[in-house]
Amino acid sequence: QIQLVQSGVEVKKPGASVKVSCKASGYIFTNYTINWLRQAPGQGLEWMGWISAHSGNTNYAQKFQGRVTMTTDTSTNTAYVELRSLKSVDTAVYYCARGSYGDYPYWFDPWGQGTLVTVSS
Amino acid sequence: EIQMTQSPSSLSASIGDRVTITCQASQDISEYLNWYQQRPGKAPKLLINDASTLETGVPSRFSGSGSGTDFTFTISSLQPEDIATYYCQQYDNLPLTFGGGTKVEIK
């Protein structure tokens, strides 16, 4: 079955960086985008951006530009998101999600299980 | 950025009740709207795409309608397993944006 499995819990200090992974299985990895979204505690969903697993092209939400990098490793069907200069407001569950077929993600399906990133001194 | 406004933010209903959630876009998004279900402690799940297309395997008690700026999500007969927060999401323009969510509880 189609599955996205993310890396585990992270605890970081303000100013540090975090890198979360997302391993895909059950489909042709390069036919879709991988999107990254986050959800702060008790809050709604926020889209951070996507990466085309085929071309490596990225599209980041303006809010995160300059602070985020999304990459993929097609040899292991794994996507990564790195967020730098962490602040306490970056504390959230980070999700990867497969976009709809092709290079533009109309919707997100399925989602990874989520990775809790806590930023605290 | 397109703002998505959901209402209500929460509701309480009895098993078997009809539940309706609305989502309003800040500009015309045609039918470029999806609905997700997020059960407590779980990742979101896509239920409906293109405003009204039910995903495979999703029970028929769920439905969606609307176009332009006004959209509706309906559960025709609320079941215990429908306890969740529901989100709308637009894909007409970047950045992709979500409504604030509607938490559905059992009365």
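Order-wise, the sequence lines are chains D and L.
To get the numbering used here, take the position in the first sequence, counting from 1, and add 1377.
To get the numbering used here, take the position in the second sequence, counting from 1, and add 17.
Using N, Cα and C, we set each Cβ at its ideal position, and we do this for glycine too.
Would residue i and residue j be called neighbours here (beta carbons separated by less than 7 Å)?
{"i": "D:G1493", "j": "D:V1397", "result": "The identity of residue 1493 of chain D in the sequence shown is Leu, whereas the question assumes Gly. Not closer than 7 Å, so no."}
{"i": "D:L1414", "j": "D:W1427", "result": "no"}
{"i": "D:A1401", "j": "D:N1436", "result": "no"}
{"i": "L:Q23", "j": "L:G117", "result": "yes"}
{"i": "D:Y1457", "j": "D:T1451", "result": "no"}
{"i": "L:F115", "j": "L:I38", "result": "no"}
{"i": "L:C105", "j": "L:L50", "result": "yes"}
{"i": "L:E98", "j": "L:D67", "result": "no"}
{"i": "D:A1438", "j": "L:P61", "result": "no"}
{"i": "L:S82", "j": "L:S69", "result": "yes"}
{"i": "D:Y1483", "j": "L:Y103", "result": "no"}
{"i": "L:F41", "j": "L:A101", "result": "Note on residue identity: the sequence assigns Gln, not Phe, to residue 41 of chain L. For L:Q41 and L:A101, no; Cβs fall outside 7 Å."}
Would you give the residue range spanned by the beta strand (DSSP E) that residue i belongs to?
{"i": "D:R1475", "result": "1469-1478"}
{"i": "D:E1423", "result": "1423-1429"}
{"i": "L:A101", "result": "101-107"}
{"i": "D:L1493", "result": "1492-1496"}
{"i": "L:R35", "result": "From DSSP, L:R35 is part of no beta strand (DSSP E); its letter is neither H nor E."}
{"i": "D:I1405", "result": "That residue, D:I1405, is in no beta strand (DSSP E); it is neither H nor E in DSSP."}
{"i": "D:L1381", "result": "1380-1383"}
{"i": "L:L50", "result": "50-55"}
{"i": "L:K62", "result": "62-66"}
{"i": "D:Y1437", "result": "1435-1437"}
{"i": "D:Y1409", "result": "1409-1416"}
{"i": "D:F1485", "result": "1485-1488"}
{"i": "L:Q23", "result": "21-24"}
Can you tell me whether residue i is buried or exposed? The criterion is at least 16 other CB atoms within 10 Å of its CB, across all chains shown.
{"i": "D:S1429", "result": "buried"}
{"i": "L:D45", "result": "exposed"}
{"i": "D:V1382", "result": "exposed"}
{"i": "D:V1466", "result": "exposed"}
{"i": "L:D87", "result": "exposed"}
{"i": "D:Y1478", "result": "exposed"}
{"i": "L:R56", "result": "exposed"}
{"i": "D:A1474", "result": "buried"}
{"i": "D:Q1416", "result": "buried"}
{"i": "D:T1407", "result": "exposed"}
{"i": "D:G1433", "result": "exposed"}
{"i": "D:G1476", "result": "buried"}
Which residues does DSSP pair with residue i in a beta bridge?
{"i": "L:E122", "result": "L:S29"}
{"i": "D:T1449", "result": "D:A1456"}
{"i": "D:K1396", "result": "D:E1459"}
{"i": "D:E1387", "result": "D:V1494"}
{"i": "L:D87", "result": "L:Q41, L:S84"}
{"i": "L:T114", "result": "L:Q107"}
{"i": "L:L71", "result": "L:I65"}
{"i": "L:F79", "result": "L:I92"}
Cβ-heavy atom distance between residue i and the ligand NAP below 6 Å?
{"i": "D:Q1439", "result": "Judged by which ligands are present, the structure shown has none, so any question about the ligand NAP falls away."}
- Item | Meets three-Cβ-pair contact criterion under 8 Å: the stretch 1458-1469 of chain D and the stretch 1390-1407 of chain D | Segments in contact, yes.
- Between the stretch 19-39 of chain L and the stretch 1479-1493 of chain D, do at least 3 Cβ pairs fall closer than 8 Å? Contact between the stretch 19-39 of chain L and the stretch 1479-1493 of chain D is absent: fewer than three C-beta pairs spanning the two stretches fall below 8 Å.
- Is there contact between the stretch 1464-1479 of chain D and the stretch 69-88 of chain L, where contact requires at least three CB pairs shorter than 8 Å? Touching, no, given that fewer than three Cβ pairs across the two stretches are closer than 8 Å.
- Report yes or no: do the stretch 1403-1420 of chain D and the stretch 32-51 of chain L share at least 3 C-beta pairs separated by less than 8 Å? Verdict: no, contact absent.
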